[in-house]
Structures are given as C-alpha cells and as structure tokens.
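Below is one structure, written out as structure tokens; the observations come after it.
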Ligand SMILES: [Zn+2]
C-alpha cells in the first residue's frame, strides 16, 4: 500500500537486484543481508558466537516472527530519538589487535522512568536479555550490549545524529504497524504539546538539529555581528526572518533534516496534516546547526495520532505558552478556559470595538486578553462563547 509513497520501493537489493532493500546503510534485502553479513562481521574481527547470534536474531525478526518487526521499529525510533549509537576503537592487549566497541544507549529525562523500562522490555522481546537501567544526575541511562550494536549497525550509521543525519530505514515502510511503532517512539522522546494561553488550540511539535555544510558555515559566520539572539548557554540563534533569502534557500535544500523529512512522508501516508519548516540557525563555539520543526497544528491530526496509538494525550504534558512565546505552567490537554461562559451579544461586540479603539488593533486586543487572535475573531462573530474571565478582562480594557 505504501509503494506509491515510498521513495525506496524502486531501490532494489544490490545483490539479487529483485527484492526491495531493508536498509540504506546495507542496501540489501533481508535474505541477502543475512547471506552477506557473516563475512562482513568476520572482517571486523567479530567473535563467532556474536556472528551466529546476530544472524539468528535478524532471521527471527525479519523472516520468522514478523510481528517483532514493529517492536524493532520502535527500538530504532528510540535510538533516533533520545538514544545514541556510537563506536569506540581500542587496542586489545590480550589478543594484540585493534578492536571496535559499539555502544547503544538510551538516555531519556529523569521524569521518563517508564520509557526507560519500556526500552529495556523491548530488548527482552527482541534480543532475550534485559539491559541495566542507571539513574544519572540529569537523566536515566539504559546501556545495551555490544552485540546489539552489530544489529543496529545494519540500519543506522554510528556517530552524532546531527552530523550523520540518518534516514529512517526502509523496512519501516513495510507496514502501517512498523510506521506507527517508529512514530510512537519518536513522539514519546521528541514530541511536545503546546497550547497558547487562553485558547483551546493544541500544537504537537518535534524539533531536530542538523549540522550545516562547511561552505554555508562561512557565509553564516559573516552574519554573526548583525542579527543575533544570544541565549544563556553561549549559543547564538539567528531566526529565519533575519537571514538573507539566498542563504535560507541554501539551507532549505542542503541542510535538510532527513528524519523529519521521512516522518513527514509517513504522516502524509497516514493523511495527517502537518507543516515542516526551517526555524533558525544555532551557533556555538564548535558547531553551526540548523533547527527544523515539524508541527501538527490541527486537532483532527492530533486526534488521529491518538486513535492510531501513536500518542497518548492523557499522559502527555501540555506546555501552556503565552501569546506569542514565553513558557508558562502546565495544563491538561484539551481543557477549556475554566469557569462559566457567556454567549456573544451585541453588548460584547460593542465592548470589543471599544477595546480595539483603546489599543489600536485586534492583535493588541488579543495580547491584552491573553487569547489567540483567532479566538477574538470567534468571540466577536459568535462562533464561540466567551469565558467569564475573558469577559471581565474585556470590560476592564474597554472602560480603561
Ligand atoms: Zn537480495
């Protein structure tokens, strides 16, 4: 079903040239990957029992117990989200040879103990062992094993994600279950729910950074003196609206975030409206990155994700933000402005007009009432009743 959408359905296995590829790192179909892998791993001086385990595990997930594939998709999602996949080369004194150690870790925030538990459980279902969970100062750490790294290595490039800019492995497009598994993990790790204070509109967002190519870096460096926003951590932000159009175009074509592009493709397949946009450039001492934001702003889309089991609104925190930006306290999702409401009447419309005369524009009325401009319109047109809190504020504003 996904065939029409998938950019990979045409990409055939490098060896048999018939079946579609399961990975972009190793562009083979499952059968050929399993055939080719032992030789590759031997070349990496991998121990024989490790090779046997890797092959048996891949066979189990991809050929025998296909239901495990959506769990594996979830695992990949967590590694792309709050996880990491890296390797360290070291010299083995005992055998006098260079060896490579793979590190697969998952480090969610301290408030996400349940997600850490879940990551460990995924290991149990997929690999038959449970990794240890360590509480750290600022987060929780789940350390997987070296041998799992050999499996992950078939699907994701090792290294810092901002630099490697990985793609979602094509096997995830094999089924809706796989795609939903992946999205579930990524939204758990990286998804944030926002609500403008005084409105009922929810916004679900994921943001990710990608490093900017060298040539563009030089161009950005010349802008540093002009339109910079400093934040506390020695990081400079330049927002898109302060950048020259030429530079924006370059970033939007050459510095895309592959994961968000791929997620956007999946959301399109699931018929969920969303926007993917380049937001700003981040500059610190060692690196220049571009921030991309994918946002789902319509209730319908968020509800659909809830129905598909991708997100659970009851468990997600809602960050209530003031219009237009600074962060506020936390409110449960889908909550209306509390208290009684009054239907729109001629009197209320008059009050709105008076308030606008005072503060010059409808936008300023919205800011003064701490509601979204859209809601001011709805109150005036009678498509939404007015919360008493807002009504009292309006009276105060109009008679100032
Ligand atoms: Zn093949």
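In this note's numbering, the protein residues as written are 51 to 450.
Glycine is no exception: its CB is placed at the ideal position from the N, C-alpha and C atoms.
Note that the structure is predicted; figures quoted are calculated from it, not measured.
CA nearest to the CA of residue 339, picked from 359, 303, 207 and 287: 287
Inspect the beta-carbon positions of residue 327 and residue 341 and report whether they are closer than 7 Å. no
Does ligand 1 have even one heavy atom less than 6 Å from the beta-carbon of residue 65? yes
Taking C-beta to C-beta, are residue 198 and residue 154 nearer than 7 Å? yes
Consider the C-beta atom of residue 79 and the heavy atoms of ligand 1; say whether any pair is separated by less than 6 Å. yes
Are at least three pairs of beta-carbons, each pair with one atom in the segment 179 to 190 and one in the segment 135 to 151, less than 8 Å apart? no
Taking the continuous beta strand (DSSP E) assigned at residue 64, which residues delimit it? Run containing residue 64: none; DSSP gives neither H nor E here.
Quick check: is any heavy atom of ligand 1 less than 6 Å from the C-beta of residue 174? no
Just reading off the beta strand (DSSP E) that residue 136 is part of, what are its end residues? 133 to 142
Should residue 90 be counted as a contact of ligand 1 given a C-beta to heavy atom distance under 6 Å? no
Under the three-state reduction of DSSP, which class applies to residue 218: helix, strand or coil? coil
Residue span of the beta strand (DSSP E) that contains residue 257, given as start and end: 252 to 261
As a quick exercise: from 302, 319 and 194, pick the residue whose alpha carbon is nearest that of residue 223. 319
Are the CB atoms of residue 218 and residue 312 nearer to each other than 7 Å? yes
For residue 325, which beta-bridge partners are listed by DSSP? 345
Give a yes or no on contact between the segment 141 to 154 and the segment 165 to 176, applying the rule of three or more CB pairs nearer than 8 Å. no
What is the DSSP secondary structure of residue 70, reduced to helix, strand or coil? strand
Compute the minimum distance between the beta carbon of residue 82 and the heavy atoms of ligand 1, and state whether it is under 6 Å. yes
Just list the beta strand (DSSP E) runs in the segment 127 to 214, keeping only unbroken ones of 3 residues or longer that don't cross its boundaries, in chain order. 133 to 142, 147 to 156, 183 to 185 and 190 to 193
What did DSSP end up calling residue 298 once you bin it into helix, strand or coil? helix
Where the beta strand (DSSP E) containing residue 288 begins and where it ends: 286 to 289
How far does the alpha helix (DSSP H) with residue 369 in it reach, from first residue to last? No alpha helix (DSSP H) contains residue 369, which is instead part of the beta strand (DSSP E) from 368 to 371.
On the DSSP bridge assignment, give the partners of residue 228 in chain order. Note: residue 228 sits in no beta bridge, so no partner.
Residue 417 versus residue 428: straight-line alpha-carbon distance, rounded: 15 Å
Out of 273, 302 and 301, which has the shortest C-alpha to C-alpha gap to residue 292? 273
Just to confirm, is the Cβ distance from residue 228 to residue 123 under 7 Å? yes
Under the three-state DSSP convention, the category residue 320 falls into: coil
Other residues of its chain near residue 204: CB distance less than 6 Å, five sequence neighbours each side excluded: 73 and 76
Is any non-hydrogen atom of ligand 1 found closer than 6 Å to the C-beta of residue 69, if you look at the structure I gave you? yes
Just mark residue 145 as buried or exposed, buried being the case when its beta carbon has 16 or more other beta carbons within 10 Å. exposed
With a cut-off of 8 Å on the beta carbons, I'd call residue 322 and residue 346 a contact; round off their distance for me. 6 Å
Exposure label - residue 448; buried when at least 16 CB within 10 Å: buried
C-alpha distance - residue 365 paired with residue 333, whole-angstrom precision: 34 Å
Report all residues from its chain with a CB closer than 7 Å to the CB of residue 125; omit the five preceding and five following residues, and keep chain order. 172 and 176
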